[in-house]
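There are 2 protein chains.
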Amino acid sequence: MVTTELTATISDAEWRVMRIVWTLKETDSHTIIDLLSKQHDWKAPTIKTLIGRLVKKGALAATKQGRQYRYTPQISEQAAMDAALLNELDQMCAMHRGTALVHVVDQLELSHNDVQTLIDHLEAKLPTAPDSVPCDCLPADCERSCES
Amino acid sequence: MVTTELTATISDAEWRVMRIVWTLKETDSHTIIDLLSKQHDWKAPTIKTLIGRLVKKGALAATKQGRQYRYTPQISEQAAMDAALLNELDQMCAMHRGTALVHVVDQLELSHNDVQTLIDHLEAKLPTAPDSVPCDCLPADCERSCES
DNA sequence: CTTCTTTGTTTACAAACGTAGTCTTAACTG
DNA sequence: CAGTTAAGACTACGTTTGTAAACAAAGAAG
């Protein structure tokens, strides 16, 4: 059994397609093309290409139904979002991630419920939070590091 | 005067270079190559290419000093981090961004101070936070949308 | 002054990506 | 049954990215 590589990297344009399928849970290319060609200036063949690439990557499943296919997501939206964000954060200086999150929280529109949940989770983290997270931009044996 | 495009998109590999320069604030190619060829399996020419591209993009300034250049960041690290994260979040379903943040906060190592700052900012947001943030995956005139 | 070395520039090349035309085939229409 | 569509497959092409070799110029060393 081949462990299906769910780490499939989804490009920006492909992300648009995934969002449609995630939202509709199951749909056909006609619907995707219809919705996306409105939102963007994309031609039908462009969207077909994106769908094809997503199927090849294993991000979408295509099950034949008569003449056409029905597409369903093979990866969860939330998992993809989490992975994309953590991945992005991962390549940034560990010391500054916290500040970046503060800025993000400041700028993002969040529901009352989301804000409360975040507070709860953060409160839970407080007791065990380390005094500081060191910069990891340079090799460990290097004296210099980012400033706080 | 040309408004220098600070929206310069920095690729993953380039990001590694920027982190070195951000941390050292000003440095030369020798230092960058030295540090990066240890961290990764990159050959010197690879890193030279990355530096060159960053200079062309305007992310790094190169000021000649004798035979070589001194490189300094032209964009702030924190600004780049914020932009990258917000950009990533921007292409995701608005309705699910909050949950993604919760997952990120859960998984990330944050300093006590960062956690407290996040709590403070979130507390401040609570009063004005909307009841819910609607899904923006489909056109507005479409009945369907993501589930909570 | 000639040679070695360091630093930067040019060129290279495959994979991924954004964008889209063309072709084929199967179904719908009349 | 023939013509028209619509869906998917195949092909295309310029750009960006990751990765690196080759080359040139300018100092450093002898």
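Order-wise, the sequence lines are chains A and B. With the numbering used here applied, the first sequence corresponds to residues 1 to 148, in that order. With the numbering used here applied, the second sequence corresponds to residues 1001 to 1148, in that order. Ideal placement from N, C-alpha and C gives every residue a C-beta, glycine not left out. The structure presented is a predicted model; accordingly, all values stated were derived computationally and were not measured.
(request) Can you give me the Cβ contacts of residue 14/A inside the same chain, cut-off strictly under 6 Å, excluding the 5 residues immediately before and after it? (result) Along the first sequence, one-based indexing puts residue 14/A at 14. Excluding its 5 nearest sequence neighbours in each direction, residue 14/A has C-beta neighbours in its own chain below 6 Å: 50, 54, listed in chain order.
(message) With a threshold of 8 Å, are at least 3 pairs of Cβ atoms found where one atom belongs to the region 1021-1029 of chain B and the other to the region 1065-1084 of chain B?
(response) Counting Cβ pairs under 8 Å, three or more are found: they touch.
(message) With a threshold of 9 Å between beta-carbons, can residue 1/A be considered close to chain B, or not?
(response) Within the first sequence, residue 1/A is the residue found at index 1, counting from 1. Reliability fails at residue 1/A, whose pLDDT of 41 lies under 50, so the model's placement of it is uncertain and no value is given.
(request) May I ask you to list, following chain order, the residues of the region 1072-1086 of chain B that have a beta carbon less than 7 Å from some beta carbon of chain A? (result) Within the region 1072-1086 of chain B, the residues whose Cβ lies closer than 7 Å to some Cβ of chain A are 1077, 1078, 1081, 1082, 1084, 1085, 1086, listed in chain order.
(request) Tell me the start and end of each unbroken alpha helix (DSSP H) in the region 88-145 of chain A that is at least 4 residues and wholly inside, in chain order. (result) Listed in chain order, they are 94-107, 112-125.
(request) Using a Cβ cut-off of 7 Å, pull out every chain A residue sitting near residue 1103/B, in sequence order please. (result) Position 103 of the second sequence, counting from 1, holds the residue named residue 1103/B. Chain A residues near residue 1103/B: 82.
(message) Check whether chain B comes within 9 Å of residue 42/A, counting only Cβ atoms and requiring the distance to be less than that.
(response) Counting from one through the first sequence, the residue named residue 42/A turns up at place 42. Taking CB atoms only, residue 42/A has no neighbour in chain B less than 9 Å away.
(message) Which same chain residues end up closer than 7 Å to residue 950/B when comparing Cβ atoms and leaving out the 5 residues on each side of it in sequence?
(response) Residue 950/B falls outside the range modelled here, since chain B spans only 1001 to 1148, and no answer is possible.
(request) Measure the beta-carbon distance from residue 1078/B to residue 100/A and round it to whole angstroms, keeping in mind my assumption that it falls under 8 Å. (result) The residue labelled residue 1078/B in the question sits at position 78 within the second sequence. The residue labelled residue 100/A in the question sits at position 100 within the first sequence. At roughly 7 Å, the Cβ-Cβ gap stays under 8 Å, so residue 1078/B and residue 100/A are in contact.
(request) Compare the Cα-Cα distances from residue 1091/B to each of 90/A, 94/A, 98/A, 81/A and report the closest residue. (result) Counting from 1 along the second sequence, the entry for residue 1091/B is found at position 91. Of 90/A, 94/A, 98/A, 81/A, the residue nearest in Cα terms is 81/A.
(request) Tell me, to the nearest whole angstrom, how far the beta carbon of residue 68/A is from that of residue 1126/B; I am working on the premise that it is less than 8 Å. (result) Translated into positions along the first sequence, residue 68/A becomes position 68. Translated into positions along the second sequence, residue 1126/B becomes position 126. Approximately 48 Å separates the beta-carbon atoms of residue 68/A and residue 1126/B; this is outside 8 Å, ruling out the contact.
(message) List, in chain order, every chain A residue whose beta-carbon is nearer than 9 Å to that of residue 1037/B.
(response) Counting from 1 along the second sequence, the entry for residue 1037/B is found at position 37. Neighbours of residue 1037/B on chain A: none; closest Cβ ~11 Å, over 9 Å.
(message) Would residue 1119/B and residue 86/A be called neighbours here (beta carbons separated by less than 9 Å)?
(response) Against the second sequence, residue 1119/B aligns to sequence position 119. Against the first sequence, residue 86/A aligns to sequence position 86. Going by beta carbons, residue 1119/B and residue 86/A fall outside the 9 Å limit.
(message) So if I threshold CB-CB distances at 8 Å, which residues from the region 19-38 of chain A count as touching chain B?
(response) Taken in chain order, the members of the region 19-38 of chain A whose beta-carbon sits within less than 8 Å of a beta-carbon on chain B are 19, 20, 22, 23, 24, 35, 38.
(message) Quick check: residue 1133/B and residue 1094/B, are their CB atoms within less than 9 Å of each other?
(response) Within the second sequence, numbered from 1, the residue matching residue 1133/B stands at position 133. Within the second sequence, numbered from 1, the residue matching residue 1094/B stands at position 94. With respect to residue 1094/B, residue 1133/B sits close: the two C-beta atoms are nearer than 9 Å.
(request) Can you tell me the Cβ-Cβ gap for residue 112/A and residue 1129/B, rounded? I've got them flagged as a contact below 8 Å. (result) Numbered from its first residue, the first sequence carries residue 112/A at position 112. Numbered from its first residue, the second sequence carries residue 1129/B at position 129. The Cβ separation is near 4 Å, so the contact holds.
(request) Hey, could you find the ends of the beta strand (DSSP E) residue 1070/B is sitting in? (result) Looking up residue 1070/B in the second sequence gives position 70. Note, residue 1070/B: beta strand (DSSP E), 1068-1073.
(request) Consult DSSP for residue 2/A and reduce its assignment to one of helix, strand or coil. (result) In the first sequence, the residue the question calls residue 2/A occupies position 2. Model confidence at residue 2/A stands at a pLDDT of 40, short of 50, so the residue's coordinates are unreliable and nothing is read from them.
(request) Determine, using beta carbons only, whether residue 130/A comes closer than 9 Å to chain B. (result) Position 130 of the first sequence, counted from the start, is the residue given in the question as residue 130/A. Cβ-Cβ to chain B under 9 Å: yes for residue 130/A.
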